[in-house]
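Under UniProt numbering, the first residue of the sequence shown carries the number 1, and numbering increases by one thereafter. Glycine residues also receive a C-beta, built at the ideal position from the N, C-alpha and C atoms. Remember, it's a predicted structure, so these values are computed and weren't measured experimentally.
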Amino acid sequence: MTYQKNFWKISYDNTNGNTQYEYNGAVGGPPDKSTTNSNFSNFEVTYGIPISDDNKQFIYTGYGYHTWDRSLATDALYSGYLEKYSWSYIPVGYRIEYKINNQWDGALDIAAKFTFKGKLGTYYNGGSTDVGQNFNLGNKPGIRVEAPFTDKLDTQWSFVLTPWYEYSAINQSNILADGSYEPDSQTHQYGVNLGFSYIF
């Protein structure tokens, strides 16, 4: 007898570190570069259904919310400013799982992220003063790729190591009365997450 292994997944992750930023300072000139401190957080709920008889391949969708706090403390021109980005997204993904040995399992997870309700607010003095520049960000789809490795500790608990890569982008925002706007941009992120999973 086979059974259908539908699943719900709730995840939250938070990452803090320096980011390398490149932007066009002068028309026709070389790009300007700076290093800024960034904090990324992501909350996601997904529901998946199997598409193979062995319950090893799945498709899923759900809802996610992403925030990005970008401190410009080390930027010579905009020192003291804090930019707070946020957007919602709908993930549409595919996951395949495989057995490595009796102790370890692996998987490949690829998801497109369709963003909406993107916002950007600017602040001063480490975020304590609202500058009043609030932008509506243009939407662009992104993609995330994960390759988790799972070490089974017992029948329910596992240790999970997950290398990942994510591409996200935004279109140009609306233009404010003073002529300021957020230009279109691309972000490339990668890393390794460590965590635990529990199977009910």
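- Cβ pair F135, L120 closer than 8 Å: The residue given as residue 135 occupies position 135 in the sequence shown. The residue given as residue 120 occupies position 120 in the sequence shown. In contact: F135 and L120 (Cβ atoms closer than 8 Å).
- Item | Beta-carbon spacing of residue 202, W164 below 8 Å | Here the chain has residues from 1 to 200 only, and residue 202 is not among them.
- Task: Let me know the secondary structure DSSP gives N139 once reduced to three states.
- Result: For the purposes of this step, residue 139 is taken as the residue at position 139 of the sequence shown. Correct three-state label for N139: strand.
- Reference F149; option with closest CA among L137, T162, Q156 and E83: The count along the sequence shown starts at 1 and reaches residue 149 at position 149. It is T162.
- Item | Cutoff 6 Å; reference P183; Cβ partners in own chain excluding five residues on either side | The residue you call residue 183 lines up with position 183 of the sequence shown. Within the same chain, P183 has close Cβ partners Q172.
- Item | Straight-line gap, P141 to Y198 (C-alpha atoms, nearest Å) | Counted from its first residue, the sequence shown places residue 141 at position 141. Counted from its first residue, the sequence shown places residue 198 at position 198. Rounded to the nearest angstrom, the two C-alpha atoms are 31 Å apart.
- Query: Looking at the structure shown, is E83 part of a helix, part of a strand, or coil, going by DSSP?
  - Reply: Your numbering for residue 83 matches position 83 in the sequence shown. E83 falls in the strand class under three-state DSSP.
- Item | Local conformation of L176 per DSSP, three classes | Translated into positions along the sequence shown, residue 176 becomes position 176. Looking at L176 - three-state DSSP - the assignment turns out to be coil, as it is neither helix nor strand.
- Where do the N-terminal and C-terminal ends of the beta strand (DSSP E) with Y60 fall, by residue? The count along the sequence shown starts at 1 and reaches residue 60 at position 60. Segment Q57 to S71, the beta strand (DSSP E) holding Y60.
- Along the chain, where does the beta strand (DSSP E) that runs through Q189 open and close? Here the question's residue 189 lines up with position 189 in the sequence shown. Looking at the DSSP string, the run of the beta strand (DSSP E) that includes Q189 is S185 to Y198.
- Of all the options L72, F114 and D105, which has the alpha carbon lying nearest to the alpha carbon of Y123? Walking along the sequence shown from the start, residue 123 turns up at place 123. Looking at the Cα atoms, L72 is the closest of the given residues.
- Query: Who are the Cβ neighbours of A147 in its own chain at under 8 Å, not counting the five residues just before and after it?
  - Reply: The residue given as residue 147 occupies position 147 in the sequence shown. So the list reads G106, A107, L108, D109, T162, P163 and W164, once near-sequence residues are dropped.
- Contacting residues, own chain, Cβ-Cβ under 8 Å from N18 (five flanking each side not counted): Residue mapping note: residue 18 aligns to position 18 of the sequence shown, counting from 1. T35, T36, N37 and S38.
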